[in-house]
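In what follows, a single structure is set out as structure tokens and then discussed.
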Amino acid sequence: MAIVNHAKREINAKIVYYGQDGAGKGTSLRYVFDRIKPSLRGELKNQPTAGSTLLFFDFSPFEQPVFSGYRIRFHIYTLHGKVANPAAWKMTLKGTDGLVFVADASPGALTATQQSLSQVRDFMNAYGVGLRDLPMVLQLNKVDQAGRISAADFALNLGLADCSTCLTTATTGEGVLEALSQLSREIMLRVRESGDVPQEEGMVVEACAEAENVENQINTDADSEFSVSVEPVEECLQDDESVPESLAVTDGLQVTVAEAGVSIEGGTVRIPLDVCQAGGVQRLVLTVAIGPG
281 MAIVNHAKRE
291 INAKIVYYGQ
301 DGAGKGTSLR
311 YVFDRIKPSL
321 RGELKNQPTA
331 GSTLLFFDFS
341 PFEQPVFSGY
351 RIRFHIYTLH
361 GKVANPAAWK
371 MTLKGTDGLV
381 FVADASPGAL
391 TATQQSLSQV
401 RDFMNAYGVG
411 LRDLPMVLQL
421 NKVDQAGRIS
431 AADFALNLGL
441 ADCSTCLTTA
451 TTGEGVLEAL
461 SQLSREIMLR
471 VRESGDVPQE
481 EGMVVEACAE
491 AENVENQINT
501 DADSEFSVSV
511 EPVEECLQDD
521 ESVPESLAVT
531 DGLQVTVAEA
541 GVSIEGGTVR
551 IPLDVCQAGG
561 VQRLVLTVAI
571 GPG
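Here the sequence shown is numbered in this note's numbering, starting from 281 and rising by one per residue.
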């Protein structure tokens, strides 16, 4: 379970990229690291571990707190290259809150993938955790070499039919962020349901809705940085408060720019919005971060 530091109002969750040698774990992790805004991530570190190389870094997908003012930080780990000592994996998996199981989807790799899955299942069982108890995403990598592939059939052959599945090509980054984004959503939902973080009455944006923005936060362009996030800034407004002329009205949902107006600070643009529905008004802020192009 993610570690909640109430004194710092911070949630720390550990994610491990696991898979057979050469499946694309390190390539995936490095791609994710390169696509995260530098202001949101720590340093990518290499550490010798039981004869292998441990790659890890941490990042926060949101510039503003979520979960009733609590910030969330993900700590990402994998073992890079050939792992000669299985004990290195067991140490790396300790305290895992979410797993990206990277499977080589190229022809002839299924047996090695099944062995890798059996191994990680044994490691987690040693900690008293079953794979079904853990947020997990199946990342089918090297789909560019696999030809025509059915993600559902592949997952079924591994006994992971209920697991979220993403098709990826780590060398180009295709699908890699989607896999991490999906796992992040599942972890955040698990944290929310655990009750470890207080749920304030009248919260404007639920944590699970915030999680939908994970990919937007970490997916930056190679030549320029541009990200969008939506954050709660205050409790629901009273029905009798004035609301400016609407920008959009759809099925009873009315969105307007709040009277506070748009603010620009450095490369960050903040647009306050009033969202009116079912007689209530909620205040959100749309944050657009733009880096040098």
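Here a beta-carbon is modelled for each residue, glycine too, at the ideal position from N, C-alpha and C.
Asked, Found
"For Tyr298, the residue or residues it bridges with in DSSP", "Phe381"
"Spatial distance of Glu290 from Phe354 (CA atoms)", "11 Å"
"Beta-carbon gap between Ala459 and Cys446 smaller than 7 Å", "yes"
"DSSP beta-bridge partners of Glu454", "Thr449"
"Residue of Arg428, Ala383, Phe336 minimising C-alpha distance to Leu397", "Ala383"
"Given Ser591 as reference, the closest of Gly408, Leu359, Asn285 once Cα atoms are compared", "Residue 591 lies beyond the range of the chain shown here (281 to 573); nothing can be said about it."
"Ile316, DSSP secondary structure in three states", "coil"
"Meets three-Cβ-pair contact criterion under 8 Å: the region 322 to 338 and the region 401 to 411", "no"
"DSSP bridge partner residues for Thr358 (one or two, in chain order)", "Tyr297, Leu335"
"Nearest-angstrom Cα separation, counted from Val363 out to Met371", "12 Å"
"Paired residues, beta bridge with Met416 - DSSP", "Leu379"
"Short Cβ contact (7 Å threshold) for Leu379 with Tyr298", "yes"
"Segment limits, alpha helix (DSSP H) that includes Pro328", "Premise fails: Pro328 lies in the beta strand (DSSP E), 325 to 329, not in any alpha helix (DSSP H)."
"With 16 other Cβ atoms within 10 Å as the buried cut-off, status of Thr393", "buried"
"Span separating the alpha-carbon of Lys294 from that of Arg412", "17 Å"
"Reduced DSSP secondary structure (H/G/I, E/B, other) of Glu515", "In this prediction, Glu515 has a pLDDT of 40, which is less than 50 and means its spatial position is unreliable; what the coordinates show is noted afterwards. Residue state, collapsed to three classes: coil."
"Run of the beta strand (DSSP E) containing Val284, from where it starts to where it stops", "283 to 285"
"Exposure label - Pro341; buried when at least 16 CB within 10 Å", "buried"
"Alpha-carbon spacing of Lys374 relative to Asp476, whole angstroms", "20 Å"
"Residues of its chain near Ile429, where Cβ-Cβ distance is below 8 Å and the 5 sequence neighbours each way are ignored", "Ala385, Leu420, Val423, Leu447"
"Euclidean distance between Cα positions of Leu334 and Leu418", "21 Å"
"Which residues DSSP lists as bridging Asn292, in chain order", "Ile283, Arg353"
"Straight-line Cα distance separating Gly388 from Asn285", "45 Å"
"Separation of Gln344 from Ser474, as counted between CA atoms", "22 Å"
"Helix, strand or coil at Ile551 [DSSP, three-state]", "strand"
"Asp501, DSSP secondary structure in three states", "Because Asp501 sits at a pLDDT of 42, beneath the cut-off of 50, its placement in the model cannot be relied upon, and the following sentence gives the value as read from the coordinates. Reduced to three states, the DSSP call for Asp501 is coil."
"Own chain residues within Cβ distance below 6 Å of Gly304, not counting five before or after", "Val382, Asn421, Ala450"
"Through-space distance from Leu553 to Ile544, alpha-carbon basis", "15 Å"
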